[in-house]
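Chemist: Mind having a look at this structure? Questions to follow.
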Amino acid sequence: MHPLILVLIFIVAAPLGYKIISHVPSLLHTPLMSGMNALSGLNILGALTACAAAAATGSRILGGLAVVLAMINVAGGFSVTQRMLSMFRHKQGGAGQ
Amino acid sequence: MSDLFYYICCGLLALGILLGLSLLSKVKTAATGNLVSCLSCALAVILTLVRYEILSDGLLYLCMGIGLAIGMTLALRVKMIAMPQMVAFLHGLGVAASALVAILVLTSPSLTAFTRFTGGLALAVGSLTFTSSMVAAGKLQRLLPQKPLILPSHKALLNVCAALILLPLLLLTLGIAVKASMLVNLIASLGFGLLFTIRVGGADMPITISLLNCFAGVAGAIAGMSIDDPLLIAAEGIVGASGLLLTQIMCRAMNRSLPDILMGRTSVAGAPSAVVPENTAPAAEPDAAAPDRPDPAELLRGAKDVIIIPGYGMALAQAQEQVKALMEKLEANGTKVRFAIHPVAGRMPGHMNVLLCEVDIPYDQLFELDEINADFASSDVAIIVGANDVVNPAARHAAGTPIYGMPILQADQAPWAVVCNFDRQPGYAGVPNTLYDEPHTILLLGDAKETVQRLADAL
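Protein sequences appear in the order of chains S and P. Under this note's numbering, residues 13 to 109 are what the first sequence spells out, in order. Under this note's numbering, residues 2 to 460 are what the second sequence spells out, in order.
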């Protein structure tokens, strides 16, 4: 893709995300942050292609390491977010209602 | 796979991520939203494997499997009070991956100036966010001192690092001495991140973590530009925006300005960090109510409307269960109980809500500052558990102090304020709490776990 288009994607995505996220109540800010944390681990896409494309053994190891680290980020982030949100959810109809 | 098909898939997955996010704005749909985002990411991985025809590369699956196992284990084991360091730690790993990808991109042959520039920038932002996050996680986990650590000529050192990041970045873009520039860039960035966070104190962590979230997004987006991945740019752009938004909210709640934070003035200059000590015996015998003040239990028995203000001190004393017991006793008496949550209560945005929900306190009894502040005057009693600066009336009138102008929970407007704090020490900002001296304040000093339990038992 042309560099300008790539920069443009960033310029469009960031304010759009900002707009949507501004509706999240402060009650959910911790799960929001851990969810965003998981999403930032999407750079696993880059790690996968870089690792696969690497020819030298050293680069291959670095790439594999990047995949492991990014995957910890993604998996840990999403599952911890789910754990927190399920705590919130089962309150409905619980003791306080 | 044709380019068009790939770009359409990227667009759809980006929409999936945005849909997941918009579902996150309601508690009822939030869990579904998280699953939608998670599914979008999984599909993105498959799409990438197919597009680059690397489906048969066994190493990738091995590495993903290892990462998945470690990530899930961490997520299942972490305690809710340790969530801030967990998030900071995961940030650190994620941006380390960004930096590694940047290194691999920069060492591959035949690059354009744009790729070299974005690669260098991704390396810099990724590396500095890596050390920053790890230092933040270390401080939160108490592996590193909580107090701000300021080296002699700290500012000058930061400036040197900044220069050593920018100059190699220029050389990289021009394609001069690529390997050496990369190395200098990497080391200077790691140093910059270290210097940046080492001087941040414990109570400023909510701002720092939000800022790191923002940086992680920016690092990822730039890495996405260097490897020509539109989906990565979109997703990381959203992450960056979210971090920025949360940083702004935290700044407002702590009365700091974002430019100040970026310039490194994250900490209150020279303030003693008087956080409530953890589980140590109270210095003085927890004193009962002063003779001219009513018995707090008596007061609570007669109360119709009680607002509880929990602070990080409650979490440190691990008094959540006791607070819940108090709530249940009060409710059994027919008293209306609500919780007032200050935006910076805890060590990351929204942390206090999670801590209270963990002990099954219903989330519809948790109220934000704006929602509940007007109700203190009409309530009967405000109970403060381990909160200090956020209820200090000095924020309204003591011009020149670090908390002046900071939005506070107006516990002083309630007819009675029962304070279950550890001692009379000023809070983190170092400003004596004038609430303690008000005639309608009842101090129950000591370990909140005991004082709150006693209060609940007396009902």
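Even for Gly, the Cβ is constructed at its ideal location relative to N, Cα and C.
At 7 Å on the CB atoms, spell out the chain S contacts of residue 388 of chain P, in chain order.
Modeler: Under the 7 Å cutoff, chain S gives no residues; its nearest Cβ is about 16 Å from residue 388 of chain P.
Chemist: For residue 247 of chain P, tell me which candidate among P/339, P/214, P/235 has the shortest Cα-Cα distance.
Modeler: Ranking P/339, P/214, P/235 by Cα distance to residue 247 of chain P puts P/214 first.
Chemist: In whole angstroms, give me the CA-to-CA distance for residue 220 of chain P and residue 124 of chain P.
Modeler: Residue 220 of chain P and residue 124 of chain P: Cα-Cα distance of roughly 8 Å.
Chemist: Return the residue from the list P/320, P/301, P/173 that minimises the CA-CA distance to residue 382 of chain P.
Modeler: If we check each option's Cα against that of residue 382 of chain P, P/301 comes out closest.
Chemist: If contacts are defined as beta-carbon pairs under 8 Å, then residue 387 of chain P and residue 326 of chain P qualify, I think. What distance do you get, rounded to the angstrom?
Modeler: About 16 Å separates the two Cβ atoms, so there is no contact after all.
Chemist: Check each residue of the region 48–62 of chain P: if its Cβ is closer than 7 Å to any Cβ of chain S, include it; give the result in chain order.
Modeler: So the list reads 49, 50, 53, 55, 58, 60, 61, given in the order they occur along the chain.
Chemist: Excluding sequence positions up to five away, which residues of its chain have a Cβ less than 6 Å from the Cβ of residue 204 of chain P?
Modeler: If we look at residue 204 of chain P and ignore the five residues flanking it on each side, its Cβ neighbours are 429.
Chemist: Give the residues from the region 42–60 of chain S that approach chain P closer than 8 Å (Cβ to any Cβ), ordered along the chain.
Modeler: The region 42–60 of chain S vs chain P, Cβ under 8 Å: 42, 43, 44, 45, 46, 47, 48, 49, 50, 51, 52, 53, 54, 55, 56, 57, 58, 59, 60.
Chemist: Near residue 111 of chain S, which residues of its chain fall below 7 Å by C-beta distance, leaving aside the five closest residues on each side in sequence?
Modeler: The first residue shown for chain S is 13 and the last is 109, placing residue 111 of chain S beyond what the model contains.
Chemist: Can you name the residues that DSSP bridges to residue 367 of chain P?
Modeler: Looking at the DSSP assignment, residue 367 of chain P forms a beta bridge with P/340.
Chemist: To the nearest angstrom, how far is the alpha carbon of residue 438 of chain P from that of residue 329 of chain P?
Modeler: Roughly 29 Å separates the two Cα atoms.
Chemist: Could you pull out every residue in the same chain whose Cβ sits closer than 8 Å to the Cβ of residue 96 of chain S, ignoring the five residues on either side in sequence?
Modeler: For residue 96 of chain S, where only same-chain residues beyond five positions count, the Cβ hits under 8 Å are 42, 43, 46.
Chemist: Is DSSP giving residue 390 of chain P helix, strand or coil here?
Modeler: Reduced to three states, the DSSP call for residue 390 of chain P is helix.
Chemist: Can you name the start and end residues of the beta strand (DSSP E) that residue 442 of chain P belongs to?
Modeler: Run containing residue 442 of chain P: 442–444, per the beta strand (DSSP E) assignment.
Chemist: When you compare only the Cα positions, how much space is there between residue 143 of chain P and residue 342 of chain P?
Modeler: In a straight line, the C-alpha of residue 143 of chain P is about 25 Å away from that of residue 342 of chain P.
Chemist: Using a Cβ-Cβ cut-off of less than 9 Å, list which residues of the region 224–245 of chain P approach chain S; keep chain order.
Modeler: Correct list: 224, 225, 226, 227, 228, 229, 230, 231, 232, 233, 234, 235, 236, 237, 238, 239, 240, 241, 242, 243, 244, 245.
Chemist: Could you tell me which residues DSSP puts in a beta bridge with residue 310 of chain P?
Modeler: Answer is P/385.
Chemist: For residue 229 of chain P, which residues in the same chain have their Cβ closer than 7 Å to its Cβ, ignoring the five residues on either side in sequence?
Modeler: Closer than 7 Å at the Cβ level, and outside the excluded window around residue 229 of chain P, lies no residue.
Chemist: Use the C-beta contact count for residue 103 of chain P: other C-beta atoms within 10 angstroms, 16 or more gives buried, fewer gives exposed.
Modeler: Residue 103 of chain P is buried by the Cβ-count criterion.
Chemist: List the whole-angstrom C-beta distance separating residue 446 of chain P from residue 423 of chain P, where the pair is believed to meet the contact cut-off of C-beta under 8 Å.
Modeler: Residue 446 of chain P to residue 423 of chain P, Cβ: 7 Å. Contact.
Chemist: Name the DSSP beta bridge partners of residue 418 of chain P, please?
Modeler: Paired residues: P/383, P/442.
Chemist: Using C-beta distances below 7 Å, list every residue in its chain close to residue 369 of chain P, excluding the 5 sequence neighbours before and after it, in chain order.
Modeler: Excluding residues within five positions, the ones whose Cβ falls inside 7 Å are 342.
Chemist: Measure from the C-beta of residue 203 of chain P to each C-beta in chain S and report whether the shortest distance is under 8 Å.
Modeler: Taking Cβ atoms only, chain S never reaches closer than 8 Å to residue 203 of chain P, which makes this a no.
Chemist: Check whether chain P comes within 8 Å of residue 69 of chain S, counting only Cβ atoms and requiring the distance to be less than that.
Modeler: No, no contact with chain P.
Chemist: So which residues on chain S does residue 369 of chain P lean against when the C-beta distance must stay under 7 Å?
Modeler: Neighbours of residue 369 of chain P on chain S, chain order: 38.
Chemist: Closest Cβ-Cβ distance between residue 98 of chain P and chain S: below 8 Å?
Modeler: Yes - at least one Cβ of chain S is within 8 Å of the one on residue 98 of chain P.
Chemist: So, for residue 82 of chain P: in the same chain, excluding its five sequence neighbours on each side, which residues have a beta-carbon less than 7 Å away from its beta-carbon?
Modeler: Cβ neighbours of residue 82 of chain P beyond the five flanking positions: 316, 356.
Chemist: Counting only beta-carbon atoms, is residue 326 of chain P nearer than 8 Å to chain S?
Modeler: Chain S, which has no Cβ nearer than 8 Å to the Cβ of residue 326 of chain P, makes this no.
Chemist: I need the DSSP call for residue 88 of chain P, collapsed to helix, strand or coil.
Modeler: Here residue 88 of chain P sits in helix by DSSP.
Chemist: Using a Cβ-based criterion (distance less than 7 Å to any ligand heavy atom), does residue 260 of chain P qualify as near the ligand ATP?
Modeler: Annotation note on the ligand ATP: not contained in the displayed structure, which lists no ligands.
Chemist: In whole angstroms, what separates the C-alpha of residue 48 of chain P from that of residue 133 of chain P?
Modeler: The straight-line gap from Cα to Cα measures roughly 32 Å.
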